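Take a look at the structure set out below.
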Amino acid sequence: MNILVLNGRPKGERSNTLKITKAFLDGVSSKQSHNINIVNISEKDVQHCRGCFACWTKTPGKCVIKDDMGELIEQYVRADLIIWSFPLYCFGMPSKIKAFLDRMLPTNLPYMRINEDGICNHPSRYDLSHQRYVLISTCGFCSVKNNYDALLCQFEIMFGDKLTKIICPEGELFSIPQLGGKTSEYLYYAKLAGQEFAEYDRFSEHTQNKLSELMYPPDVFVQMANASWKINEASENKDQNDRSGIAGIVVCSPYPF
Ligand SMILES: Cc1cc2nc3c(=O)[nH]c(=O)nc-3n(C[C@H](O)[C@H](O)[C@H](O)COP(=O)(O)O)c2cc1C
C-alpha cells in the first residue's frame with residue numbers, strides 16, 4: 032500500500048502529533064511493509080491559491096503556479112492511504128496545510144452536480160475510490176467539544192465514511208519527557224490502532240475508546256499546563272492592567288489558549 036503522510040506541523044519533525052502518527056505507522060507496518068512517504072509540508076514550496084481558476088479553464092488539471100504542488104498532487108493521487116497529521120490551530124488546520132488543501136483544486140472538475148441527498152459538489156478529476164484517509168491531530172486544550180467541531184465537520188464533508196480519526200487533546204504532554212509513562216501508554220494504543228486499521232480498515236471500539244480518553248483529568252491537566260508557562264492568571268491580569276492603566280478590568284484574549 033502507498034501511504035502518504037501530510038505532516039502539517041510548522042516545525043516539521045518536532046511534533047507531538049507526529050509521535051502519534053509514527054506509532055500508528057509502526058502498527059500499520061507491523062505485519063506487512065508499505066511504501067511510506069512522509070512529507071513535511073513546512074519544507075515544501077506551497078504558495079497560496081490565486082483563485083484564477085486557470086486549472087479548470089486554460090490548463091485543465093494543472094496549476095499555473097510553478098512550485099512543489101504539481102509533484103505533491105501526483106503523490107496524493109497515487110496514495111492508497113492519506114494520513115493528515117497536524118496540530119489544531121485556532122480550531123482548524125495550520126495555515127500552510129490549508130494552503131496545500133486549497134491548491135488541490137486542480138484535482139476537481141469544474142462542473143457541479145447535485146447528489147441524491149441534495150448536496151452540491153464538484154466531481155473528482157481522478158478515480159480516488161481506492162483511497163482511505165486518517166486524520167491524526169493533537170491540541171493544547173483538554174476538550175474535543177467546542178475545539179475540534181469545525182475541523183471534524185470539514186473532514187467529514189471532505190471524506191465521509193472513508194475517514195478514520197485519532198484526536199488527542201492535552202497534546203503538549205508529549206513534549207514533556209518526565210510524563211513518558213502516560214504518553215507511551217497513548218502511543219501503545221495508537222500503534223494498536225495502526226495494526227487494527229491494516230487488518231480491518233478500522234479500529235476496535237476498545238482502542239477507539241482508549242484513544243479518546245484523556246491522559247490526565249481536566250483539572251489536573253489545566254493546573255500542570257498553567258504552571259508550565261510560569262505565568263498565572265492573576266499576574267498576567269496585573270501586568271496587563273499596569274500596562275493599560277485600567278485597574279480591575281479582566282483582559283481576555285479572543286482565543287482561550
Ligand atoms: C497558533 C496556534 C494555535 C493553536 N490553536 C489551538 C486551538 O484552537 N485549540 C487547542 O486546543 N490548541 C491550540 N493550539 C495548541 C496546539 O494544538 C498544541 O500545542 C499541539 O499539541 C501542538 O502539536 P505539534 O507539536 O504537533 O505542533 C494552538 C497552538 C498554536 C501555536
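Using the numbering used here, the first residue of the sequence shown is number 32, and each one after it goes up by one. Positions of the beta carbon are idealized from the N, C-alpha and C atoms, including for glycine. If you're wondering where the values come from, they're calculated on a predicted model, not measured in any experiment.
- As a beta-bridge residue in DSSP terms, residue 155 pairs with 139.
- Beta-bridge analysis with DSSP links residue 251 to no other residue.
- Note that the C-beta distance between residue 201 and residue 173 is below 7 Å.
- Checking the 6 Å criterion, the Cβ of residue 179 is out of range of every heavy atom belonging to ligand 1.
- From the listed residues 48, 108, 262, 38, the smallest Cα separation to residue 156 is found for 108.
- Taken atom to atom, the span from the alpha-carbon of residue 251 to that of residue 245 is near 11 Å.
- Assignment of residue 109 by DSSP, reduced to helix, strand and coil, places it in the helix class.
- Taking 6 Å as the cut-off, the C-beta of residue 122 counts as close to a heavy atom of ligand 1.
- With the rule of 3 Cβ pairs closer than 8 Å, the region 129 to 139 counts as touching the region 69 to 80.
- Here the region 177 to 194 makes contact with the region 111 to 128; the two share three or more CB pairs at distances below 8 Å.
- Annotated as proximal: residue 225 and residue 58, with beta-carbon spacing under 7 Å.
- DSSP, reduced to helix, strand and coil, places residue 164 within a strand of the structure shown.
- Collapsing the DSSP output to three states places residue 220 in a helix.
- Residue 184 has its CB no nearer than 6 Å to any heavy atom of ligand 1.
- Counting along the chain, the unbroken beta strand (DSSP E) around residue 199 starts and ends at 194 to 199.
- Secondary structure note for residue 175: it is in no alpha helix (DSSP H), with a DSSP letter that is neither H nor E.
- Looking at the DSSP output, residue 116 shares a beta bridge with 38, 167.
- A distance below 6 Å between beta-carbons, with the five flanking residues on each side excluded, links residue 214 to the following residues of its chain, in chain order: 204, 205.
- Of the residues assessed, residue 160 falls on the exposed side of the cut-off, its CB having fewer than 16 other CB atoms within 10 angstroms.
- Per DSSP, the continuous alpha helix (DSSP H) segment holding residue 51 begins and ends at 47 to 59.
- Buried is the label assigned to residue 39, since at least 16 other Cβ atoms lie within 10 Å of its Cβ.
- When distances are taken from the beta-carbon of residue 119 to the heavy atoms of ligand 1, the shortest one is below 6 Å.
- Of 260, 71, 143, 169, the smallest CA-CA separation from residue 196 is found for 169.
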